[in-house]
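Data first, discussion second: the structure below is written as C-alpha cells.
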Amino acid sequence: MATLYVSTRKGLFTLTRGASGWGIAGVKFLGDPVATALPLADGGLLAALDLGHFGVKMHRRSKDGAWTELPAPAYPPQPEADPNEERPDVKWSLERVWILEQGGDGAVWAGTLPGGLFRSDDAGETWALNEALWNRPERRQWFGGGNVLPAMHSVSIDPRDPKSLTVAISCGGVWHTDDAGATWALRTEGMFADYMPPEQRTASAIQDPHRLVACAADPDTLWVQHHNGIFHSTNRGKQWRYLEPAPSAFGFAVAVHPKDPKTAWFVPAVKDECRVPVEGAVVVNRTRDGGETFETLRDGLPQTHAYDLTYRHALDVDDTGDVLAFGSTTGGLWITENGGDDWQLVSAHLPPIYAVRFGA
Amino acid sequence: MPRVEFTPILRRHLPTPTAEVEGDTVRAVLDAVFAEHPALRGYILDDQGAVRLHVAIFVDGEPLIDRDTLSDAVGPRGEVFVMQALSGG
Numbered sequence: 001m002a003t004l005y006v007s008t009r010k011g012l013f014t015l016t017r018g019a020s021g022w023g024i025a026g027v028k029f030l031g032d033p034v035a036t037a038l039p040l041a042d043g044g045l046l047a048a049l050d051l052g053h054f055g056v057k058m059h060r061r062s063k064d065g066a067w068t069e070l071p072a073p074a075y076p077p078q079p080e081a082d083p084n085e086e087r088p089d090v091k092w093s094l095e096r097v098w099i100l101e102q103g104g105d106g107a108v109w110a111g112t113l114p115g116g117l118f119r120s121d122d123a124g125e126t127w128a129l130n131e132a133l134w135n136r137p138e139r140r141q142w143f144g145g146g147n148v149l150p151a152m153h154s155v156s157i158d159p160r161d162p163k164s165l166t167v168a169i170s171c172g173g174v175w176h177t178d179d180a181g182a183t184w185a186l187r188t189e190g191m192f193a194d195y196m197p198p199e200q201r202t203a204s205a206i207q208d209p210h211r212l213v214a215c216a217a218d219p220d221t222l223w224v225q226h227h228n229g230i231f232h233s234t235n236r237g238k239q240w241r242y243l244e245p246a247p248s249a250f251g252f253a254v255a256v257h258p259k260d261p262k263t264a265w266f267v268p269a270v271k272d273e274c275r276v277p278v279e280g281a282v283v284v285n286r287t288r289d290g291g292e293t294f295e296t297l298r299d300g301l302p303q304t305h306a307y308d309l310t311y312r313h314a315l316d317v318d319d320t321g322d323v324l325a326f327g328s329t330t331g332g333l334w335i336t337e338n339g340g341d342d343w344q345l346v347s348a349h350l351p352p353i354y355a356v357r358f359g360a
Numbered sequence: 361m362p363r364v365e366f367t368p369i370l371r372r373h374l375p376t377p378t379a380e381v382e383g384d385t386v387r388a389v390l391d392a393v394f395a396e397h398p399a400l401r402g403y404i405l406d407d408q409g410a411v412r413l414h415v416a417i418f419v420d421g422e423p424l425i426d427r428d429t430l431s432d433a434v435g436p437r438g439e440v441f442v443m444q445a446l447s448g449g
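Protein chains in written order, with the numbering used here: chain A, 1 to 360; chain B, 361 to 449.
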C-alpha cells in the first residue's frame, strides 16, 4: 500500500492511499518532535525524535509493527579545547538527526547537527562517526544557517555504488567521497554565496546548499536548492550551473524525478529575509527540461493570504515520479498524483511539518 | 544512602524509579542509577557527559554548580532531584 510518513513538531503521522484518496491512518509519538523518518529496506521504519530537553531519541519499528528505542548516535570524547582547532561554540554532542538514508549495501547514514555524519551497519543498533570528514580542517569554516550549529541535511548515496556518497551541509558546502567516507573532497565549483564578504563569495566550505537530491536513474544529475538560488549539476557536483526561475529562486525543498533527471520540483519563498510565499500564494515550480524553463504550478494550492513555508525535507516524490507530497510550517499538506499539474489538500491542520517521505 | 528522584515528565518516555544508591558526588550517584537503567543516561547527559542544557539538577534543594563533570558533593542522606528546566519546549 502506498504510504507517506509525515514527521512533525508534534508526532509522526502515517498516511495511506485508500479508494477515496489519501488520508491519515495513524500517529505515533503524539506531542513529541519528530525530525525525520526513514523506511528501511527490510520493511521497518527508523525515526529520529528531537525531544529538546532530553535530546535525540532513535526509535525503530520492525516490519511486524513493534517499536523499540535504540541508542542515538553519539560523538566521541571531545579533545581538550584548543582555540585554534575547534570553535568554542561547537560542542561534540548530538543536537539533531536531520536526515537518514540507506544505501544499497544496507548501511544507514545519519546527517546531524552539529554537522557530523554517522554510519550504522545494523539498522541503527550502533553508530560510528565518520571521523575523516569530521576531522577535515575546513570544518572550522562551517557555520549555522537557520540553526546556530552547522547542519548536515542531505546524504545522497549513489545507487550504482554504495561507497559513493555526496553530502550537503548548511553552511559547509557539498562534499563527495568515492571510498565510503575514507576520503572526502569539496564539490562546489560554480556555487556562490552572496551572504558572505565579497572575497569569500565563491569559497567552498561556506556554501549554503539548503537541500541536495540526485536522480535515481541518473545519479550524476544533482539538483540543489541553495540559499542563493538553484544549482544544477550533470557530473555529480564537479561543476554547478546557476538557475534563477520566477517567481523566486529562494526556497528550501527540491525533489527530482526518479526516472527523468531533467524534471525537478521546488517550493519557492520570497527571499531569505522574508520567508513566506510570493504574494501569499503557495506554488510549486517545476522544470521538465533540465532547468531551461520552469512552470509555476498553482492548481489546488491556496492563492490568497497563504503563509505556508516548506522546509527542506518537506517535499518528496514517490518512485513512479507521478505522486508528490509537500507540507508546510503551518500544517498544510498537499499531494499530487499527476506530477504537480493539480494538488489535493490532505490536511490544513497538522502540526508544523518537518519532513515527508514516501514508503512502501 | 543518597536518594535520587526524577521528574515525572520523563515517565512518558521510560521508567524512572526513585532510587537509593551509593555515592558521594552527583556524578557517582547518577552513574549508579545509570548502571541499572542505561537508557536513562542519554536523557539527562549530553555526549560529553555534561548535564543537558534544559535539564536542572538540585542537591538538597540547591542547584547543581558543576554541570560539566557533576562533582558537587552529596551527603550520606543527600537528596538529588533531576528536573526539566523551564526553558525551551
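The C-beta atom is built at its ideal place from N, Cα and C for all residues, glycine as well.
>> If I measure Cβ to Cβ from residue 371(A) and keep anything under 6 Å in the same chain, skipping five residues before and after, which residues do I get?
In response: Here chain A has residues from 1 to 360 only, and residue 371(A) is not among them.
>> Cβ closer than 8 Å: which chain B residues qualify as neighbours of residue 55(A)?
In response: The answer, in chain order, is 402, 403, 406 and 412.
> Hey, residue 356(A) and residue 6(A) are a contact pair by Cβ (cut 8 Å); roughly how many whole angstroms apart?
Replying inline: At roughly 5 Å, the Cβ-Cβ gap stays under 8 Å, so residue 356(A) and residue 6(A) are in contact.
> On the three-state DSSP scale, how would you describe residue 366(A)?
Replying inline: Absent from the structure is residue 366(A), since the part of chain A shown begins at 1 and ends at 360.
> Does DSSP put residue 198(A) in a helix, a strand or coil?
Replying inline: DSSP places residue 198(A) in helix when its eight states are reduced to three.
>> Between the alpha carbons of residue 185(A) and residue 175(A), how many angstroms are there, rounded?
In response: So the two alpha carbons sit approximately 6 Å from each other.
> Based on the DSSP output, what are the partners of residue 271(A) in its beta bridges?
Replying inline: For residue 271(A), which the question treats as bridged, DSSP gives the partners 274(A).
> Looking only at its own chain, which residues have a Cβ that is under 6 Å from the Cβ of residue 449(B), when we skip the five neighbours before and after it?
Replying inline: Because residue 449(B) sits at a pLDDT of 43, beneath the cut-off of 50, its placement in the model cannot be relied upon, and the following sentence gives the value as read from the coordinates. Same-chain partners within the cutoff: there are none.
> What in chain A is Cβ-close to residue 393(B), meaning under 8 Å?
Replying inline: Chain A residues near residue 393(B): none, gap ~15 Å exceeds 8 Å.
> Can you tell me where the beta strand (DSSP E) with residue 356(A) in it begins and where it stops?
Replying inline: Per DSSP, the continuous beta strand (DSSP E) segment holding residue 356(A) begins and ends at 353-359.
> Closer than 7 Å: is that where the CB of residue 346(A) sits relative to any heavy atom of the ligand HEM?
Replying inline: Judged by which ligands are present, the structure shown has none, so any question about the ligand HEM falls away.
> If we ignore side chains and look at the alpha-carbon of each, how far apart do residue 189(A) and residue 142(A) end up?
Replying inline: Counting only the Cα atoms, residue 142(A) lies some 17 Å from residue 189(A).
>> Closest to residue 427(B) by C-alpha separation, out of 400(B), 390(B) and 439(B), would be which residue?
In response: Nearest option by C-alpha distance: 390(B).
> Going by DSSP, which residues form a beta bridge with residue 252(A)?
Replying inline: In the DSSP output, where bridge partners are listed per residue, residue 252(A) has none listed.
> Under 8 Å between C-beta atoms, does residue 209(A) make it to chain B?
Replying inline: Interface with chain B (8 Å Cβ-Cβ cutoff): residue 209(A) is excluded.
> Do the CB positions of residue 40(A) and residue 123(A) come within less than 8 Å of each other?
Replying inline: In contact: residue 40(A) and residue 123(A) (Cβ atoms closer than 8 Å).
> Taking Cβ to Cβ, would you say residue 95(A) is nearer than 8 Å to residue 129(A)?
Replying inline: In this structure, residue 129(A) does not lie closer than 8 Å to residue 95(A) by Cβ.
> Using the rule of at least 16 other Cβ atoms within 10 Å of the residue's Cβ for burial, across every protein chain shown, is residue 171(A) buried or exposed?
Replying inline: Under the 10 Å beta carbon count, residue 171(A) is surrounded by 16 or more other beta carbons and is classified as buried.
> Are there three or more Cβ pairs, one per stretch, closer than 8 Å when the segment 366-378 of chain B is compared with the segment 6-20 of chain A?
Replying inline: In short, these stretches do not touch, since the Cβ pair count stays below three.
> Name the DSSP bridge partner or partners of residue 11(A)?
Replying inline: Looking at the DSSP assignment, residue 11(A) forms a beta bridge with 8(A).
> So, is residue 268(A) buried or exposed, given that buried needs 16 or more other C-beta atoms within 10 angstroms?
Replying inline: Buried: at least 16 other Cβ atoms inside 10 Å.
>> Please report the straight-line C-alpha distance between residue 334(A) and residue 323(A), rounded to a whole angstrom.
In response: Cα to Cα, the separation comes out at about 11 Å.
> Quick one, which of 425(B), 419(B) and 445(B) has its alpha-carbon nearest residue 436(B)'s?
Replying inline: For the residues 425(B), 419(B) and 445(B), the minimum Cα distance to residue 436(B) belongs to 419(B).
> Any idea which residues DSSP pairs residue 366(B) with across the strands?
Replying inline: Per DSSP, 442(B).
> At a Cβ threshold of 8 Å, is residue 117(A) touching chain B?
Replying inline: So, not an interface residue.
> Tell me which same chain residues have a C-beta within less than 7 Å of the C-beta of residue 362(A), skipping the five on either side of it?
Replying inline: There is simply no residue 362(A) to check, as chain A begins at 1 and stops at 360 in what is shown.
> Does residue 77(A) come within less than 8 Å of chain B when only Cβ atoms are used?
Replying inline: Residue 77(A) belongs to the set of residues whose beta carbon lies under 8 Å from a beta carbon in chain B.
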